[in-house]
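Note sheet for the following structure.
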Amino acid sequence: MQLSELTLDEIQSRILAGETLSPEEYRSVIERYRGERRAAGATSSKSRTKKAEAASFDLNASLDALFAKLPTKEE
Amino acid sequence: MPFPGFFDNTMRGTFVACPLKFKRSFIDNLAPIEPSIHLHAGGALASALDVARKSYYSGFATEDEALALGATELIRFWGDFPKEHETKSLPRMLEAYDDYFREYRLPFDTIKPLMQDGKPSTEFSFALPLPIDNPDTGEPMIYTGRFDMLGVFQDTLFVVDEKTTSQLGQSWQQQWDLKSQFTGYCAAAKSFGYPVAGAIIRGIGLLKSGTTFAQVIEYRPDWQIDRWYEQLLRDIKRAIQCYQTGVWDVALDEACATYGGCGFRRLCLSQHPEQWINGYFTERNWNPLGKF
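In structure tokens, the structure reads:
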């Protein structure tokens, strides 16, 4: 199996055993990490949006509850 | 414990900031057990950049081969250190390394290492004897250090050093004009016959969103070097005086809180600091010429 197909832990143990990354393996490893990080960034951004929406919803619900408790003109 | 036979910029800076911290670090040879991810990540990146540059400029490797060799060195250097950290994990440092050579491609970098006998002048180490005797051995004290490269920029010779940081802004750019670290590097280079005009500091900003770069050029005229040298001698003499009298002043101010807090805070907060040494601190012999 080529170094570029391995996990980082596997790559590292082979490098510590004396292997060297070839230019192709290096490029492949780097591109893989860049892709993983972009994907992780997108996930975390989606998660932040969902949290913000949830927070906004909670705030609206709280305000509705608060207004419901306020005395009306008729009262 | 004996007084060290050498001084470097870290030791001088530590002594000036807090003499007691100097004693704990360089006389008692103590260091917090918890290793610093910042130092390790910076060291791994510096070592990788050095391998790539050496391989390429010595004609041993093509650009692509040099990049692969440097990345191999980064992974090897990382060793057993934990890989997870928001901005300084192993994958993140590999990406920053790759970003660096996209920003400063080896064939087109405007700063080239000085070539001597076909070898690039990277990893410049020095040891300068000083006119102060070690209080234990009577031997001359030595001033030591290491910087990344003796570089040529626009036909002028400069000390070149890379710094990783979490933020590259105006305050980052403005912090170098008086830094003794670079004045000492220039003094050392000049004393070995290299007429450097100053230092170029390349900043590598390790952000969550990516890597940013900045570069500053700092000049060091001879009068600044002379002032630095006289100050260095006075500081070392004061450190020797503290050692001989056994009285070490303690800062109790900014030095206790900067960079996330001094590593010896736990000791200074206790009436009986010796009780905290076992379990929280380990013995560490400072070696300023050790590889990164």
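Taken in order, these protein sequences are the chains called C and B.
The first sequence: position 31 = 31 (my numbering), numbered continuously.
Take the position in the second sequence, starting the count at 1, then add 1000; the result is the number in my numbering.
Each residue gets a CB set at the ideal place from its N, CA and C atoms; glycine is no exception.
Fair warning: this is a prediction, and the values are worked out from it, not measured in the lab.
Next item on the list: Show which residues of chain C have a CB atom less than 7 Å away from the CB atom of lysine 1075/B.
Entry: Contrary to the premise, residue 1075/B reads as isoleucine rather than lysine in this sequence. Result: Ile11, Gln12, Ile15.
Check: So, is asparagine 1278/B buried or exposed, given that buried needs 16 or more other C-beta atoms within 10 angstroms?
Finding: exposed
Next item on the list: Ignoring anything shorter than 3 residues or poking outside the stretch 1159-1207 of chain B, list the beta strand (DSSP E) runs there in chain order.
Entry: 1198-1207
Check: Of all the CB atoms in chain B, is at least one closer than 8 Å to the CB of serine 28/C?
Finding: no
Check: Ends of the alpha helix (DSSP H) at aspartate 1148/B?
Finding: It is not in any alpha helix (DSSP H) - aspartate 1148/B instead sits in the beta strand (DSSP E) that spans 1140-1153.
Check: Would you say leucine 21/C faces chain B, with C-beta separation under 8 Å as the test?
Finding: For leucine 21/C, the answer is yes, since a Cβ of chain B falls inside 8 Å of its Cβ.
Next item on the list: Identify the contact partners of arginine 38/C in chain B, using a Cβ-Cβ distance below 8 Å as the criterion.
Entry: What arginine 38/C touches in chain B: nothing, since even the nearest Cβ is about 10 Å away.
Margin query: Short of 7 Å in beta carbon distance, which residues of its chain neighbour glycine 1145/B, apart from the five on each side in sequence? Order them along the chain.
Written below: Asp1008, Asn1009, Phe1126, Gly1184, Tyr1185, Ala1188, Pro1288
Notebook entry, point to check: Applying a beta-carbon distance threshold of less than 9 Å, which residues of chain B neighbour leucine 6/C?
Noted result: Result: empty, since nearest Cβ-Cβ is about 11 Å, beyond 9 Å.
Check: At least one CB of chain C closer than 8 Å to the CB of alanine 1068/B: is that the case?
Finding: yes
Next item on the list: Report the residue ranges of all alpha helix (DSSP H) runs contained in full by the stretch 1062-1090 of chain B; include only those spanning at least 4 residues, in chain order.
Entry: Here the runs fully enclosed are 1063-1078.
Check: Can a CB atom of chain B be found closer than 8 Å to the CB of glutamate 75/C?
Finding: A caution first: glutamate 75/C carries a pLDDT of 44, below 50, which makes its placement in the model unreliable, though a value can still be read off. With 8 Å as the cut-off, glutamate 75/C does not count as an interface residue toward chain B.
Margin query: Going by DSSP in three states, arginine 1012/B sits in which element: helix, strand or coil?
Written below: Correct three-state label for arginine 1012/B: helix.
Checklist line | Listed by chain order, chain C residues near aspartate 1050/B by CB distance under 8 Å | finding: When 8 Å is used as the limit between beta carbons, aspartate 1050/B is near no residue of chain C, the shortest such separation being about 16 Å.
Item checked: Contact with chain C by threonine 1110/B, beta-carbon distance below 8 Å -> no
Check: Between which two residues does the alpha helix (DSSP H) containing serine 1057/B stretch?
Finding: Note that residue 1057/B corresponds to tyrosine in the displayed sequence, not to serine. Segment 1037-1057, the alpha helix (DSSP H) holding tyrosine 1057/B.
Check: Around the C-beta of proline 1140/B, are 16 or more other C-beta atoms found within 10 angstroms, so that it is buried, or is it exposed?
Finding: Residue burial is scored here from C-beta neighbours: proline 1140/B has fewer than 16 other C-beta atoms within 10 angstroms and is therefore classed as exposed.
Notebook entry, point to check: Beta-carbon of proline 1004/B versus every beta-carbon of chain C: anything under 8 Å?
Noted result: no
Margin query: Distance check for phenylalanine 1003/B and glycine 1246/B, CA to CA, integer angstroms please.
Written below: 12 Å
Check: How is proline 1221/B classed by DSSP in three states: helix, strand or coil?
Finding: coil
Checklist line | Beta-carbon neighbours of proline 1091/B, restricted to chain C and to distances below 8 Å | finding: By Cβ distance, chain C contributes Leu8, Tyr33, Glu36, Arg37.
Note to self: Could you check whether the Cβ of leucine 1252/B sits closer than 8 Å to any Cβ belonging to chain C?
What the structure shows: Using a CB distance cut-off of 8 Å, leucine 1252/B does not count as an interface residue toward chain C.
Checklist line | Enclosing alpha helix (DSSP H) for glutamate 1254/B [first to last residue] | finding: Segment: none, glutamate 1254/B is in no alpha helix (DSSP H) and carries neither H nor E.
Next item on the list: Could you pull the start and end residues of the beta strand (DSSP E) that glutamate 1283/B belongs to?
Entry: 1281-1283
Margin query: Classify leucine 1094/B: buried if its beta carbon has 16 or more other beta carbons within 10 angstroms, exposed otherwise.
Written below: Buried, by the Cβ-count rule.
Check: Measuring CA to CA, which of Leu1039/B, Ala1031/B, Thr1072/B is closest to aspartate 1050/B?
Finding: Thr1072/B
Next item on the list: From the DSSP output, read off the bridge partner residues of alanine 1096/B.
Entry: Bridge partners of alanine 1096/B according to DSSP: none are assigned.
Next item on the list: With distances taken Cα to Cα, identify the nearest neighbour of tyrosine 1194/B among Tyr1104/B, Val1152/B, Phe1108/B, Ile1240/B.
Entry: Val1152/B
Notebook entry, point to check: Under three-state DSSP, which class holds valine 1216/B?
Noted result: strand
Notebook entry, point to check: Given that glutamate 1103/B touches chain C, what residues does it touch there, using C-beta distances under 7 Å?
Noted result: The contacting residues do not exist; glutamate 1103/B stays about 14 Å from chain C at best.
Notebook entry, point to check: What three-state label does DSSP hand glutamine 1275/B in the structure shown?
Noted result: The answer is helix: DSSP assigns glutamine 1275/B an H, G or I state.
Note to self: Checking the sheet assignment: what are the DSSP bridge partners for proline 1120/B?
What the structure shows: The partner list for proline 1120/B (beta bridge, DSSP) reads Met1115/B.
Next item on the list: Since I believe glutamine 1215/B is in contact with isoleucine 1200/B (beta carbons under 8 Å), could you give me their beta-carbon distance rounded to a whole number of angstroms?
Entry: With a Cβ gap of about 6 Å, isoleucine 1200/B and glutamine 1215/B count as contacting.
Notebook entry, point to check: Can serine 1180/B and glycine 1013/B be called in contact, C-beta distance under 8 Å?
Noted result: yes
Notebook entry, point to check: What residue range is occupied by the uninterrupted alpha helix (DSSP H) comprising proline 1019/B?
Noted result: Element bounds for proline 1019/B: 1019-1022.
Check: Leaving out five residues before and five after alanine 1048/B in sequence, what residues of the same chain have Cβ atoms less than 6 Å from its Cβ?
Finding: Gly1070, Glu1073, Leu1074, Tyr1097
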